[in-house]
Amino acid sequence: MTLDAIFQDKTIKAKGKVAAIGECLLNSELPVDELLAYTEKQKATDKATCIEAVEYATKKNPTLADDNLLNYVTKALKDEEPRVKWESAKVIGNVAKLFPTQLEKAIDNLLPNAENTGTVVRWATAYALAEILKLKTDSNEKLLPKIESLCEKEEDNGVKKKYLDALKKVKK
Numbered sequence: 001m002t003l004d005a006i007f008q009d010k011t012i013k014a015k016g017k018v019a020a021i022g023e024c025l026l027n028s029e030l031p032v033d034e035l036l037a038y039t040e041k042q043k044a045t046d047k048a049t050c051i052e053a054v055e056y057a058t059k060k061n062p063t064l065a066d067d068n069l070l071n072y073v074t075k076a077l078k079d080e081e082p083r084v085k086w087e088s089a090k091v092i093g094n095v096a097k098l099f100p101t102q103l104e105k106a107i108d109n110l111l112p113n114a115e116n117t118g119t120v121v122r123w124a125t126a127y128a129l130a131e132i133l134k135l136k137t138d139s140n141e142k143l144l145p146k147i148e149s150l151c152e153k154e155e156d157n158g159v160k161k162k163y164l165d166a167l168k169k170v171k172k
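So this is what it looks like as structure tokens:
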């Protein structure tokens, strides 16, 4: 089934589309680059569904990620659509361990989202920043005080817990 066919089939709900595309990525039936090229031409909701499919696949197999994917989701963090921001952040959290020395731009794009008004955007951003912090790279010199400050200001317990768990692991 082609991507166009999946998106045009009204009998398939959003989560079904995510799973179908995600499985195509996992089974090597659809190259990640091809999905990203398709994603670029879509309206916001379909773009978010495509990135969520990448998140679905990278959660099960992070090695699907390459530099091109990391660059794509890093740029997508600046998208207007909240769902694009949060799914991109989750992809970065899933694959950060594969790119420990290439995360500066991702960190720079994640930090503004850490103070977004949307709780889901903040939670996904906290997840990504926490995964980056746990890598214990040179980035931590800059990142650690920022995460401590974000954690102090954060009012949502779910978001705060992501930061606290990462801080505990780093300070061991």
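Residue numbers for the sequence shown follow full-length UniProt numbering, beginning at 1 and rising by one. Idealized CB from N, CA, C, for every residue including glycine. Since this is a predicted model, take the numbers as computed values, not measurements.
L30, DSSP secondary structure in three states = coil
Could you spell out the range, first to last residue, of the alpha helix (DSSP H) harbouring N71?
-> D67 to A76
Run the CB neighbour count on T63, radius 10 Å, all protein chains shown included, and call it buried at 16 or more, exposed below.
-> exposed
Could you tell me how far apart the beta carbons of L110 and L135 are, in whole angstroms, since I believe they sit closer than 8 Å?
-> In fact, because the Cβ distance is near 14 Å, the residues do not count as touching under 8 Å.
Could I get the ranges of all uninterrupted alpha helix (DSSP H) runs contained in the stretch 84-147, with 4 residues as the minimum, in chain order?
-> 104-113 and 119-133
Near I21, what residues of its chain come up, given a Cβ to Cβ distance below 6 Å and the 5 sequence neighbours on each side ignored?
-> A53
Same chain, Cβ closer than 7 Å to I107, neighbours up to 5 away in sequence not counted = I132, S139 and L143
Span separating the alpha-carbon of K160 from that of F7 | 36 Å
Kindly indicate the opening and closing residues of the alpha helix (DSSP H) around I12.
-> Premise fails: I12 is in no alpha helix (DSSP H) and is neither H nor E.
Do you know how far the Cα of T117 is from the Cα of P82?
-> 10 Å
Rounded C-beta distance between N27 and L77? I'm assuming under 8 Å.
-> Between L77 and N27 the Cβ distance is about 28 Å, and since that is not below 8 Å, they are no contact.
Given V91 as reference, the closest of D66, E55, P100 and T119 once Cα atoms are compared | E55
Looking at A57 and A89, is the spacing between their C-beta atoms short of 9 Å?
-> no
How long is the line joining the alpha carbons of D46 and T39, rounded to whole angstroms?
-> 7 Å
Is it true that the CB of L36 sits closer than 9 Å to the CB of N68?
-> yes
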